[in-house]
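Enquirer: In the numbering used here, the protein residues as written are 13 to 259.
Heads up, the beta-carbon is just placed ideally off N, CA and C, and yes, glycines get one too.
Keep in mind the model is a prediction, meaning the values are calculated, not measured.
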Ligand code: DC
């Protein structure tokens, strides 16, 4: 058991992962890592360089030649691609859709896997994504799978995008969410799904405080469980994935 936990928070788009993860990381004094931003960073460069994502060799070369960094500034994660701060450009619906497409390409996942493991290597991290509890950190000490109804997620994403000044409507935003759910959960490698040992939280009708309260209760329980488990060599590492969601 790491002295400071890795807390994996997976789930589909719009489930409230970012708000809950940021709040939880502040409460615990842990770092916060939004792994979706890394896929969005690749998607941003794909768009900038006009890369055909069906051409895997070209995409692979691009990935290998791309420097991606993240930095926490006042609790907000900033993303840098080849030294340029792209944080404000990666949150558009278009980049969201491209990131969902590029995330099914093996060379992209391979490149970002190393990076994500590096960020979490010392523990003390709340890491959100789609495959954190199943692939990136199957040995995470606490795993959550956050979901909500597709209508609720569409509404939340619509409000968020409107708030950022994007010209969107509720219907299209909900349709985009459905498409991304499909892409993300149906891909062959590291699909979106709950790890066998993840705690599933339905955030429909819950605010971020309510979600974080449930998570903190579970984390305290995990700490107690793992204390009695410390000397065992089998620490319950599970990478299984038994539930598929939102198909
Ligand atoms: O969380 P997000 O909406 O910013 O993620 C953008 C896309 O990146 C998402 O549609 C799928 C992909 N993604 C992934 O495949 N694995 C992760 N751990 C995080 C994101």
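Ignore the nearest five residues each way along the sequence and tell me which others in residue 183's own chain have a CB closer than 6 Å to its CB.
Expert: In the chain shown, counting from the first residue as 1, residue 183 sits at position 171. Excluding sequence neighbours, residue 183 sits near nothing in its chain.
Enquirer: Can you list, in chain order, the residues of its chain whose CB lies under 6 Å from that of residue 32, leaving out five sequence neighbours each side?
Expert: Indexing the chain shown from 1 puts residue 32 at position 20. If we look at residue 32 and ignore the five residues flanking it on each side, its Cβ neighbours are 220, 223, 224.
Enquirer: Taking just the CA atoms, how far does residue 235 sit from residue 155?
Expert: The residue labelled residue 155 in the question sits at position 143 within the chain shown. The residue labelled residue 235 in the question sits at position 223 within the chain shown. C-alpha separation (whole angstroms): 13 Å.
Enquirer: Flag this pair as yes or no: are the beta carbons of residue 204 and residue 185 separated by less than 9 Å?
Expert: Taking the first residue of the chain shown as position 1, residue 204 is located at position 192. Taking the first residue of the chain shown as position 1, residue 185 is located at position 173. Contact: no.
Enquirer: Below 8 Å on the Cβ atoms is my contact criterion, and I expect residue 21 with residue 49 to pass it. Report the Cβ-Cβ distance as a whole number of Å.
Expert: Numbered from its first residue, the chain shown carries residue 21 at position 9. Numbered from its first residue, the chain shown carries residue 49 at position 37. Rounded, the Cβ-Cβ distance is 14 Å, inconsistent with contact.
Enquirer: What is the DSSP secondary structure of residue 13, counted as helix, strand or coil?
Expert: Looking up residue 13 in the chain shown gives position 1. DSSP places residue 13 in coil when its eight states are reduced to three.
Enquirer: Taking the Cβ atom as the reference point for each residue, do residue 231 and residue 137 lie within a distance shorter than 9 Å?
Expert: Counting from one through the chain shown, the residue named residue 231 turns up at place 219. Counting from one through the chain shown, the residue named residue 137 turns up at place 125. Contact: no.
Enquirer: According to the Cβ coordinates, are residue 79 and residue 71 closer than 9 Å?
Expert: As a first step, residue 79 is located in the chain shown; it is residue number 67 there, counting from the start. As a first step, residue 71 is located in the chain shown; it is residue number 59 there, counting from the start. It is not a contact, given that the beta carbons lie outside the stated cut-off.
Enquirer: So, with DSSP's three-state summary, where would you put residue 159?
Expert: Taking the first residue of the chain shown as 1, we reach residue 159 at position 147. Three-state DSSP puts residue 159 in a strand.
Enquirer: Let me check one thing: in DSSP terms, what residues is residue 141 bridge-paired to?
Expert: Your numbering for residue 141 matches position 129 in the chain shown. Beta-bridge pairing links residue 141 to 22.
Enquirer: If you follow the alpha helix (DSSP H) that residue 38 is in, where does it begin and where does it stop?
Expert: The count along the chain shown starts at 1 and reaches residue 38 at position 26. Segment 29-40, the alpha helix (DSSP H) holding residue 38.
Enquirer: Please report the straight-line C-alpha distance between residue 89 and residue 44, rounded to a whole angstrom.
Expert: Numbered from its first residue, the chain shown carries residue 89 at position 77. Numbered from its first residue, the chain shown carries residue 44 at position 32. Between residue 89 and residue 44, the C-alpha separation is close to 8 Å.
Enquirer: State the DSSP-derived secondary structure class of residue 247, mapped to helix, strand or coil.
Expert: On the chain shown, position 235 is the one that residue 247 refers to. With a pLDDT of only 47 at residue 247, under 50, the local geometry of the prediction cannot be trusted, and the value read off the model is given with reservation. Of the three classes helix, strand and coil, the one that applies to residue 247 here is coil, per DSSP.
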